[in-house]
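In full-length UniProt numbering, the protein residues as written are 1 to 413.
For reference, the structure is listed below as structure tokens.
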Amino acid sequence: MRDDYQQLVDEITAVLRAPATLENRDFALIAFGAQDSEDRDDTEEPALDPVRTRSILQRRSTAAVRAWFEAFGIARAQAPLRIPPDPAAGVFMGRICLPVRHRGVVHGYVWLLDDGHLSDLELGGPTGAPDPRLARAMETADRIGALLAAEARAGEELGELLRDVLTGPPAGRDAARAGLRTALRGAGDGPLALVAVVPWTPGTGEDADHPGLPHLPSIVAACALPGTASTGAGLATLVRLRAATALDPARTTAEQLLRSPRATTGSLDGVQPRAAAGVSAPRRGLEELPAAWQEALDAARAAHADTRLGPVAEWSAIGPYRLLAALPELPPDAAVRPLLAPAHAELARTAETFLDCAGQAGRTAARLGIHRQTLYYRLSRVRQLTGLDLDAGEDRLLLHMTLKAARLGPPRR
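Shown next as structure tokens:
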């Protein structure tokens, strides 16, 4: 399928003698064409556009670039349109945008860099026909739209099956698992891993069933899943691994997903919360996918809670959070509850750091950047507030686990 897109983009590049770039509707790169060296004098340096270069290198455009281009109405455009350069926005060269649509739905965009040689290209409109070269390019864009639509339909069907396997009613999971196994063919035998990205903003309207995934070859199925008011929706992606002992493809997928503009969600105060990703342990076959999904969610939750683990955390590497994430939501222990009040946040951080450092005062003071006498004073205040003896192993364990559980926050089930 990737070769099909590349061939079609090369056709457009050749017809219009301009480097074309194909992105999906979430501005994830699919294919790009190179400038034909025959079009240039040997002494002429090719013009570089930072936005296009960054898109090719990072495989997607940034949220700011996406918002800038969408302000020109490209998502609603039914015909090619010109976008002028704007050096202040980092867009040093103008563009012609060919909307890639199928049956009225936009599935992506073909971008043509215009260094001036396309300025006389007639786009057409109510009073005139487009340039024949552009008409040919739009016919090719229509073929791309049909391919993207077919791929989206197949992805949605796989996503529905994956959603039913992970969170559907128990009575229907066997049928969903069988359907997913049939659709995936040999890929369903594994090794596989699940990646959870939280939060993830799903589409709306005509885009509602489209999770907004970049074109990553390691993803075999994906679906958006609802969340709670505090956690937001999440994205589940089933990733094919090269070996049962190597999670590199899953980590790479998670890192690329976190660069998506959908890896954030709005909140009541307008703040964009940090997205995090979790990676499950490897699995063979599809029978243990619900357990793998919970592992991925727990790892993402730990990555949110502890920045040392994130932004991508593997379930096998989250330490005590594996145990804490499996526990039901409980109120904090009565002895530690006073320490969790906002007014005592600095004392709680000091106690947690002290316990993380195995009770070594020198390491704790160095990590916090405070004098030892300040540390000893704070620890004495912790003892007064909680009544716990920080020299007693069980009291230390109670305090440490309660502080870690408070950091972890409520479960996302």
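Don't be surprised by glycine CBs; every beta carbon is placed ideally from N, CA and C.
Quick check for students: name the residue ranges of the alpha helix (DSSP H) that lie wholly in the stretch 254–325, counting only runs of 4 or more.
289–305 and 321–325
Assign H117 to one of three DSSP states: helix, strand, or coil.
coil
If A67 sits next to V197, beta carbons under 8 Å apart, how far is it from one beta carbon to the other, in whole angstroms?
Contact doesn't hold; Cβ gap of about 21 Å is too wide.
Would DSSP call D32 helix, strand or coil?
Here the sequence assigns Phe to residue 32, which means Asp is not the residue at that position. Three-state result, F32: strand.
Alpha-carbon spacing of R76 relative to R163, whole angstroms
30 Å
Alpha-carbon spacing of A183 relative to D174, whole angstroms
14 Å
The beta strand (DSSP E) that contains H102, what's its start and end?
G94 to H102
Nearest-angstrom Cα distance between P338 and P99?
58 Å
Could you give the first and the last residue of the continuous alpha helix (DSSP H) run that contains E352?
A345 to D356
Residue span of the alpha helix (DSSP H) that contains R177, given as start and end:
P170 to L184
Identity of the residues DSSP links to A221 by a beta bridge
L238
Report the CB separation of R396 from L355 in whole angstroms; it is logged as a contact under 8 Å.
6 Å
At the level of alpha carbons, what is the spacing between E206 and A63?
Only weak support exists for where E206 lies, its pLDDT of 45 falling under 50; the value from the coordinates is given anyway. Distance between the alpha carbons of E206 and A63: 20 Å.
Among A365, L194, E394 and R407, which one has its Cα closest to the Cα of A345?
R407
S37 (DSSP reduced to helix, strand or coil):
Note that S37 has pLDDT 48, beneath the 50 cutoff, so the model's placement of it is unreliable and the number below is only indicative. Helix at S37.
For the beta strand (DSSP E) that contains A193, what are its first and last residues?
L192 to V198
Candidates A233, G179 and A178, of which the one nearest P202 by Cα
A233
In angstroms, rounded to a whole number, what distance separates the CA positions of P85 and G94?
4 Å
Excluding the 5 residues flanking P250 on each side, which residues of the same chain have their C-beta closer than 7 Å to its C-beta?
The question names Pro, but residue 250 in the sequence shown is Ala. The answer, listed in chain order, is A193, V195, V239, L241 and V279.
Determine the DSSP secondary structure at L8, reduced to helix, strand or coil.
helix
Beta-carbon within less than 7 Å of T402's beta-carbon, same chain only, minus the 5 sequence neighbours each way: which residues are those?
P332, D333 and V336
Pairwise C-alpha distance: G319 and R308:
12 Å
If I measure Cβ to Cβ from C223 and keep anything under 6 Å in the same chain, skipping five residues before and after, which residues do I get?
G159, L162, R163 and A236
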